[in-house]
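Okay, so here's the structure we're looking at.
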Amino acid sequence: SLEISKQESTNSSQKLTDEQQKCQQLEQSLETSKQELTDSSQKLADEQQRSQQLEKSLEISKQESTDSSQKLADEQQKYQQFEKSVEESKQESASFSNQLNVEQKKCQKLEDSLENARKKMSELSQQFEKSDNFQPEKMYSIKSINNGNFLDIPKGSAKNNTPIGQETWNGSKNQQWYFQPLGGDDSEYYHIFSAKTKKCLGISSSDNKEGVLNQYPCYGTDNQKWKLIEISDNNFAIQCKQNGLILEVSKKTTKIIQQELNDINNQHWELTEL
Numbered sequence: 006s007l008e009i010s011k012q013e014s015t016n017s018s019q020k021l022t023d024e025q026q027k028c029q030q031l032e033q034s035l036e037t038s039k040q041e042l043t044d045s046s047q048k049l050a051d052e053q054q055r056s057q058q059l060e061k062s063l064e065i066s067k068q069e070s071t072d073s074s075q076k077l078a079d080e081q082q083k084y085q086q087f088e089k090s091v092e093e094s095k096q097e098s099a100s101f102s103n104q105l106n107v108e109q110k111k112c113q114k115l116e117d118s119l120e121n122a123r124k125k126m127s128e129l130s131q132q133f134e135k136s137d138n139f140q141p142e143k144m145y146s147i148k149s150i151n152n153g154n155f156l157d158i159p160k161g162s163a164k165n166n167t168p169i170g171q172e173t174w175n176g177s178k179n180q181q182w183y184f185q186p187l188g189g190d191d192s193e194y195y196h197i198f199s200a201k202t203k204k205c206l207g208i209s210s211s212d213n214k215e216g217v218l219n220q221y222p223c224y225g226t227d228n229q230k231w232k233l234i235e236i237s238d239n240n241f242a243i244q245c246k247q248n249g250l251i252l253e254v255s256k257k258t259t260k261i262i263q264q265e266l267n268d269i270n271n272q273h274w275e276l277t278e279l
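Counting from 1 along the sequence shown, just add 5 to a position and that's the residue number in our numbering.
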């Protein structure tokens, strides 16, 4: 029995040793499992962190995409505004071109008017040349080729309608005359007025035949406008605009009257600058 008990005790010890080994193995497995669980937890934590980073990156990408979309919308709006500005600029350019054309036409009209004015000035200049360059600030004597006497205001009278006579030269202002050139449609005509009385030579407005030359304030009427028709150097016929008649020394009375042009000495006058 003792031997059997020893044998049983030995078996039990062996079993206990086996169980202890199993227990150690289980503890090792548990420790391994714990380590694996720890590693898995760490991996999970890492994955969660990566997931959060990815989510954050995705959110940033979404925001950047939203910003890009907004920038694109802004650029499109700017482009539309630019197109509108370009269209307005084209319209303004077209309007400016039209205004430029209008201004060019105005300039052309002004140039044409200037050219016409130059032609008129040239014609007037030529007339002055033909008229011995009569200047408004200079005085002239008017002598009859027929008898050598000079147009004269009798006694220097300033009375209106005073008949103009003729006398030998005495150098007084009664015998001195200004020639005032006229313009426009009257560019070929002059006012002839006295240095003494400042009144214009004229024929009564109702006289169309043999009217007597007299003086009156300068009213600018046709009976006070005179055209000089050159006969020869410094010699002229003096024609009234009102009726086209010529100043003449009357053969009967020696008064200064008007008659039709007949190219005789009593219609010729020598004009001399004083």
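Idealized CB from N, CA, C, for every residue including glycine.
Where does residue i land, buried or exposed, given buried means 16+ other C-beta within 10 angstroms?
| i | result |
| --- | --- |
| Cys205 | buried |
| Lys11 | exposed |
| Gln171 | buried |
| Glu36 | exposed |
| Asn228 | buried |
| Cys28 | exposed |
| Glu134 | In this predicted model, Glu134 has a pLDDT of only 44, less than 50, meaning its place in the structure is not dependable enough to derive any value. |
| Ala99 | exposed |
| Gln247 | buried |
| Ile243 | buried |
| Leu31 | exposed |
| Leu7 | exposed |
| Glu60 | exposed |
| Tyr84 | exposed |
| Glu193 | buried |
| Leu218 | buried |
| Thr167 | buried |
Among the options, which has the Cα closest to the Cα of residue i?
| i | options | result |
| --- | --- | --- |
| Asn175 | Asp79, Asn166, Gln272 and Asp157 | Asp157 |
| Asn239 | Glu193, Asn166, Ile150 and Glu92 | Ile150 |
| Val254 | Glu36, Asn248 and Leu266 | Leu266 |
| Lys214 | Lys160, Tyr224, Thr258 and Leu250 | Leu250 |
| Leu276 | Lys201, Glu8, Tyr183 and Asp268 | Tyr183 |
| Gly188 | Pro168, Asn154 and Lys232 | Lys232 |
| Thr202 | Ser46, Lys164 and Leu105 | Lys164 |
| Phe198 | Asp51, Tyr224 and Thr173 | Tyr224 |
| Asp191 | Glu108, Cys245, Thr173 and Gln47 | Cys245 |
| Asn154 | Trp274, Ser18, Lys20 and Gln33 | Trp274 |
| Glu235 | Lys111, Gln113 and Asp268 | Asp268 |
So what does residue i bridge to, in DSSP terms?
| i | result |
| --- | --- |
| Leu252 | Gln263 |
| Thr277 | Ser146 |
| Asn240 | Ser237 and Glu275 |
| Gln185 | His196 |
| Cys245 | Trp231 |
| Phe87 | Bridge partners of Phe87: none, in fact. |
| Phe155 | Lys148 and Glu172 |
Would you grab the beta carbon distance between residue i and residue j for me? Rounded to a whole angstrom, and I think it's under 8 Å.
| i | j | result |
| --- | --- | --- |
| Gly216 | Ile262 | 7 Å |
| Tyr195 | Gln181 | Rounded, the Cβ-Cβ distance is 15 Å, inconsistent with contact. |
| Ala200 | Lys178 | 5 Å |
| Ile169 | Gln220 | 6 Å |
| Lys257 | Asn271 | So it is not a contact: roughly 11 Å between Cβ atoms. |
| Met144 | Leu279 | 5 Å |
What are the boundary residues of the beta strand (DSSP E) that includes residue i?
| i | result |
| --- | --- |
| Cys5 | Here the chain covers residues 6 to 279 and nothing more, so residue 5 does not appear. |
| Gly170 | Gly170 to Glu172 |
| Gly207 | Cys205 to Ile208 |
| Gln272 | Segment: none, Gln272 is in no beta strand (DSSP E) and carries neither H nor E. |
| Pro159 | It is not in any beta strand (DSSP E) - Pro159 carries neither H nor E in the DSSP assignment. |
Quick check on residue i - is its C-beta less than 9 Å from some C-beta in chain D?
| i | result |
| --- | --- |
| Asp51 | Absence of chain D from the displayed structure is noted, only one protein chain being present. |
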